[in-house]
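Numbering-wise (the UniProt record's numbering), the sequence shown opens with residue 1 and increments by one. Note that CB positions come from ideal geometry on N, CA and C, so glycine has one too. Note that the coordinates shown come from a computational prediction; the quantities given were computed from them, not determined experimentally. Report on the following structure.
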Amino acid sequence: MPRVSKRKSDAVKSSEPAPKKVTKEVERIDSFFASYANTSIGMIDPEGVEKLCSDLCVEHTDVRVLMLAWKMDAKKQGYFTQDEWRMGLKSLHADTIKKLKKQLSELQKEVAKKENFEDFYRFSFRYCLTEDKQKNLDIETACVLLSLVLGPDFNLQVDSFIEFLKIQKEYKVINMDQWTNFYRFCQEIEFPDLKNYDDCLAWPIILDNFVDWLREKSTSA
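This is the structure in structure tokens:
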């Protein structure tokens with residue numbers, strides 16, 4: 001029995017180096033976090049995020065800042081907890097501003113992958129829900145976010161939808177179902193002719209109204 005116990009002890013010792021390496025990395029990431037954190041609340045606040053953006057040479061409205069929040073799975077807009085920071089930067093292998101700046105382009109490539117983009121798109125909606133129990137985005141916020149997130153890839157669809165949202169009077173807010181279905185609309189529907197749009201299918205009514213508006217606009221042009 002003593003020999004068995006000794007072997008177990010040796011096995012534990014042999015596994016010790018790996019955790020030490022991880023701990024050092026986390027310590028560097030924590031030190032990086034401390035350079036932006038508000039010590040009174042123990043997290044990075046909007047002022048810290050602004051400083052981070054300045055050091056990264058990006059505007060706070062840059063989509064890459066939103067991508068970084070997605071990578072951290074941040075829960076509150078404008079704030080990063082230490083655990084969120086650790087998770088995101090450990091995944092990016094970035095423990096300095098120089099490394100993080102370099103990783104931003106790689107993060108863009110990661111988000112651009114089809115299997116990641118839909119998750120990022122849904123996250124962007126949730127991240128902008130700034131009030132407790134809030135489930136919808138006001139039209140103005142939704143328009144800004146659509147332009148930021150989908151605009152680069154679906155410029156015509158997004159510009160047209162934003163124009164429609166700003167002139168229609170029926171909807172004051174956008175919910176998650178409408179948000180996600182507009183992305184599906186951009187992917188699946190031929191634009192601007194809309195030949196394959198079938199309003200008998202399960203599209204949200206707001207998109208049926210959008211298509212009706214586009215067709216009327218096209219006819220009267």
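Bridge partners - residue i, DSSP secondary structure assignment
i: I44; result: F80
i: L137; result: I174
i: N38; result: M43
Spatial distance of residue i from residue j (CA atoms)
i: residue 300; j: D95; result: In the structure as shown, the chain starts at 1 and stops at 221, and residue 300 therefore has no counterpart that could be examined.
i: R64; j: D177; result: 24 Å
i: N116; j: M67; result: 11 Å
i: F32; j: V111; result: 24 Å
i: R184; j: T23; result: 42 Å
i: residue 230; j: Q134; result: Coverage of the chain is limited to positions 1 through 221, which leaves residue 230 absent and any answer about it impossible.
i: N155; j: E27; result: 43 Å
Sequence-distant residues of its chain with Cβ nearer than 8 Å to residue i (five each side left out)
i: N38; result: I44, D45, E47, G48
i: F161; result: L146, F182, F210
i: L107; result: R64, M67, L68, K71, L92
Residue i classed as buried or exposed, judged by whether at least 16 other C-beta atoms fall within 10 angstroms
i: V12; result: Residue placement at V12 is flagged as unreliable, the pLDDT there being 46, under the threshold of 50; a coordinate-derived value is accordingly withheld.
i: L207; result: buried
i: Q157; result: buried
i: A69; result: buried
Residue i: CB within 7 Å of a non-hydrogen atom of the ligand FMN
i: I97; result: Here there are no bound small molecules, and the ligand FMN is not part of this structure.
Sequence-distant residues of its chain with Cβ nearer than 7 Å to residue i (five each side left out)
i: Y79; result: M43, I44, D45
Quiz item: Do the segment 138 to 156 and the segment 77 to 94 make contact, defined as three or more Cβ pairs closer than 8 Å?
Solution: no
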